[in-house]
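Below is one structure; the comments refer to it alone.
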Amino acid sequence: MKEFERFKKMFSPKTIAVIGASFNLKKWGFHILHNILSGGYKGKVFPVNVRGEDVLGLKGYKSIKEIEYPIDLAIIVVPREALFDVLKECVEKKVNAVFVVTAGFAELGEAGKKMQEDIRDFAIQNDLMLAGPNGEGIVNARIRLYAQMAIHQPKAGKLSMVSQSGNVGATMMQLADMSCYGFCKFISSGNEAVLKLPDYIDFFAQDDDTDTIVAYIEGIKDGKRLIQSLKNASMKKRVIVIKGGKTEGGLKAAQSHTGAMTSDTAIFEAAIKQTGAIYVDGLQELYDCAQILVREPLPKGNRVGILTVGGGWGVLAADACERYGLKIAQLKEETLKKLDTVMPPWWARNNPVDSAGGGKRKTMTYGVEVLMEAEEVDSVIVLGNALGVMSTAVMKKSPYYDQGLNLASAIIKDAEMEVVEVYDRLINTYKKPLILSTDAKHNAYEIKNEVILALEERGIPVFHSPERAAKALSYLTEYARRIERIREK
4 MKEFERFKKM FSPKTIAVIG ASFNLKKWGF HILHNILSGG YKGKVFPVNV RGEDVLGLKG
64 YKSIKEIEYP IDLAIIVVPR EALFDVLKEC VEKKVNAVFV VTAGFAELGE AGKKMQEDIR
124 DFAIQNDLML AGPNGEGIVN ARIRLYAQMA IHQPKAGKLS MVSQSGNVGA TMMQLADMSC
184 YGFCKFISSG NEAVLKLPDY IDFFAQDDDT DTIVAYIEGI KDGKRLIQSL KNASMKKRVI
244 VIKGGKTEGG LKAAQSHTGA MTSDTAIFEA AIKQTGAIYV DGLQELYDCA QILVREPLPK
304 GNRVGILTVG GGWGVLAADA CERYGLKIAQ LKEETLKKLD TVMPPWWARN NPVDSAGGGK
364 RKTMTYGVEV LMEAEEVDSV IVLGNALGVM STAVMKKSPY YDQGLNLASA IIKDAEMEVV
424 EVYDRLINTY KKPLILSTDA KHNAYEIKNE VILALEERGI PVFHSPERAA KALSYLTEYA
484 RRIERIREK
């Protein structure tokens with residue numbers, strides 16, 4: 004419990020000292036302090052540098068010991084040779100935790116490794132909670148704390164991430180903001196001299212603000228402990244793991260990046276899956292998987308209902324579902340009769356449900372509700388929403404826009420915006436996954452599609468292609484099956 008409280012203080016500090024703070028725009032000591040202040044953090048911030056100079060309007064200090072307040076978190080951005088003396092001052096000041104940005108240790112060979120071991124021994128002997136060295140930063144979006152080298156300031160969400168790469172974390176923060184699911188907490192674990200990746204997983208598993216945990220792993224220092232932490236976390240939260248350093252080239256890059264030691268990929272993947280965590284391959288899959296895990300309820304099975312505005316996408320979606328271990332649901336006659344009331348007379352009466360460009364204004368929303376309600380359907384994929392809003396961008400360029408196209412554009416927008424409220428209600432009512440895919444997600448007209456934005460703000464994932472939607476849904480389905488099996492043991 005004591006350690007958990009120290010972690011809480013580290014991620015939710017009331018006082019922060021930035022040691023190595025600078026007004027030199029070429030130094031990370033400037034950018035990290037700037038990001039803390041510009042992000043809207045409300046706690047007290049104290050810049051520390053050798054001259055005691057003021058930085059960005061804040062009173063400067065020569066030493067952390069001069070600060071009149073207790074310090075919850077010290078962020079250290081000093082040259083490698085000065086680090087040991089700074090750590091000694093942090094111990095004397097009884098700092099709760101330190102985050103070491105300073106690099107040049109185990110990732111640079113034996114001499115650096117020896118220095119890192121000395122830092123580790125000193126921190127452990129003096130009960131100093133130390134993250135890093137060679138870390139990119141620490142984030143808590145819920146309190147608008149962005150103490151990092153990267154510029155990203157994601158909105159608050161329920162996903163927390165620990166990463167052995169700072170820029171992978173920065174990329175995820177940007178992607179999360181683009182898809183509106185946001186971030187809760189993030190930390191770049193760096194070389195992990197003292198605090199290891201499982202320590203952060205254990206904390207996130209107990210953190211009430213975190214629902215989904217992401218771990219980017221390059222090297223494994225204690226495989227047994229990592230597996231146990233992932234297993235414990237998976238019983239409480241949704242957990243995603245991505246592994247770097249799986250090839251000879253990636254392995255060499257990982258070793259030079261964080262001094263990490265990697266393991267056999269196949270063995271690692273098999274072990275991860277036994278914990279209940281989801282194992283993804285690459286940033287795109289991580290992004291897609293995170294989108295669906297953050298909001299969607301777990302399906303009871305792998306039977307999928309597909310509703311599409313055009314046949315081709317429905318065929319591709321069906322192919323992808325089968326390829327990724329999902330089944331195309333066999334619709335009952337009762338379900339087909341309900342769909343008959345809104346589908347065009349020529350529809351094929353099967354799944355995928357293809358409106359073939361016809362139907363009524365309520366075809367999509369009612370059709371989706373019929374599939375969500377059907378007991379033979381566990382999840383629903385909708386293909387083609389928000390295309391109308393995209394088409395209005397073309398209409399505005401037409402020389403005939405004022406001759407009726409303006410009115411048509413308004414009607415199209417209103418009709419498509421209706422789906423947002425309906426889909427959100429259906430997810431809450433039927434407790435089934437409902438995901439979308441549309442080529443309106445990417446368009447050549449440089450417009451912000453209001454329907455897609457509104458859907459994503461509600462936490463309803465929208466994918467660029469049927470294949471990505473099916474793959475993401477397969478992760479959610481497999482996760483539900485795996486967790487149920489583990490809990491039955």
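Sequential numbering of the sequence shown, starting at 4, is according to the numbering used here. Glycine included, C-beta positions come from ideal geometry on N, C-alpha and C.
In chain order, each beta strand (DSSP E) run of at least 3 residues that lies wholly inside the region 43-76: 47-51
Using a 10 Å radius around the Cβ and a threshold of 16 neighbouring Cβ atoms, would you call T366 buried or exposed? buried
Roughly how many angstroms lie between the CA atoms of V165 and I281, to the nearest whole one? Looking at the two C-alpha atoms, the distance is approximately 15 Å.
Using alpha carbons as the reference points, say which of K65, A418, P82 and V94 lies closest to I74. V94
V242 beta carbon less than 8 Å from that of G308: no
Return the chain-ordered list of same chain residues with a C-beta closer than 6 Å to the C-beta of Y44, the five sequence neighbours on each side being excluded. R147 and L148
How would you call S358, buried or exposed, if buried means at least 16 neighbouring beta carbons within 10 angstroms? buried
Helix or strand or just coil, what does DSSP make of L148? L148: strand per DSSP, three-state reduction.
May I ask you to list the residues that DSSP assigns as paired with V197? Paired residue(s): none; V197 is not in a bridge.
Cβ contact check for the region 114-125 and the region 155-174: 3 or more pairs under 8 Å: Per the Cβ contact rule, the region 114-125 is not in contact with the region 155-174 (fewer than 3 Cβ pairs under 8 Å).
Between the region 127-140 and the region 191-199, are three or more C-beta pairs nearer than 8 Å? The region 127-140 is in contact with the region 191-199.
Could you please give the first and the last residue of the uninterrupted beta strand (DSSP E) stretch that includes M164? L162 to S166
Is the beta carbon of T215 less than 8 Å from the beta carbon of L296? yes
Would you check if the region 451-468 and the region 420-436 touch, i.e. whether three or more CB-CB distances between them fall below 8 Å? yes
I believe A269 touches E470 by the beta-carbon criterion, under 8 Å. Please report the beta-carbon distance rounded to the nearest angstrom. Not confirmed; about 24 Å, so no contact.
Spatial neighbours of H34 within its chain, please: C-beta separation below 7 Å, excluding the five flanking residues on both sides. Excluding residues within five positions, the ones whose Cβ falls inside 7 Å are M152.
Decide if Y482 is buried, meaning its Cβ has at least 16 other Cβ atoms within 10 Å, or exposed. buried
For I190, does the three-state DSSP call read helix, strand or coil? strand
Status (buried if at least 16 other CB within 10 Å, exposed otherwise) for F10: buried
To the nearest angstrom, how far is it from the Cα of K335 to the Cα of G304? 17 Å
Which value, in whole angstroms, describes the spacing of the CA atoms of G262 and G112? Since pLDDT at G262 reaches only 48, below the 50 mark, its modelled position is unreliable, and no value is offered.
Could you give the DSSP three-state label for K330: helix, strand or coil? The DSSP-derived three-state label of K330 is strand.
Can you tell me whether Y282 sits near the ligand NAD, meaning its C-beta is under 7 Å from at least one heavy atom of the ligand? Within the structure as shown, the ligand NAD is missing, as the structure has no ligands at all.
Range covered by the beta strand (DSSP E) that runs through K246: Unbroken beta strand (DSSP E) run through K246: R241 to K246.
For the structure I just gave you, are there three or more beta carbon pairs, one from the region 37-56 and one from the region 164-178, closer than 8 Å? no
Please state whether the Cβ-Cβ distance between V53 and I79 is less than 8 Å. No, the Cβ-Cβ distance between V53 and I79 is not below 8 Å.
How far does the beta strand (DSSP E) with I384 in it reach, from first residue to last? S382 to L386
Within 8 Å, do at least three Cβ pairs link the region 197-209 to the region 228-236? Judged by Cβ distances under 8 Å, the region 228-236 makes contact with the region 197-209, as three or more pairs qualify.
Sequence-distant residues of the same chain with beta carbon closer than 8 Å to M420, five excluded per side: Within the same chain, and ignoring the five residues on either side of M420 in sequence, the residues whose Cβ sits closer than 8 Å to its Cβ are E453, V454 and A457.
Indicate the three-state DSSP secondary structure (helix, strand or coil) for N235 in the structure shown. helix
Give me the Cβ distance between A150 and V217, rounded to the nearest whole Å; I'm assuming they're in contact under 8 Å. That belief does not hold up - the Cβ atoms of A150 and V217 are roughly 19 Å apart, past 8 Å.
When DSSP labels each residue in this structure, what does A85 get in the three-state scheme? helix
Where does the unbroken beta strand (DSSP E) through A218 begin, and where does it stop? T215 to I220
Could you tell me the boundaries of the alpha helix (DSSP H) in which M132 lies? Careful: M132 lies outside any alpha helix (DSSP H), inside the beta strand (DSSP E) at M132 to A134.
Among A179, N409, C183 and K246, which one has its Cα closest to the Cα of L200? K246
Could you check which residue in H37, D284 and Q287 has the C-alpha nearest to that of S25? Distance from the Cα of S25 is smallest, within the candidate group H37, D284 and Q287, for H37.
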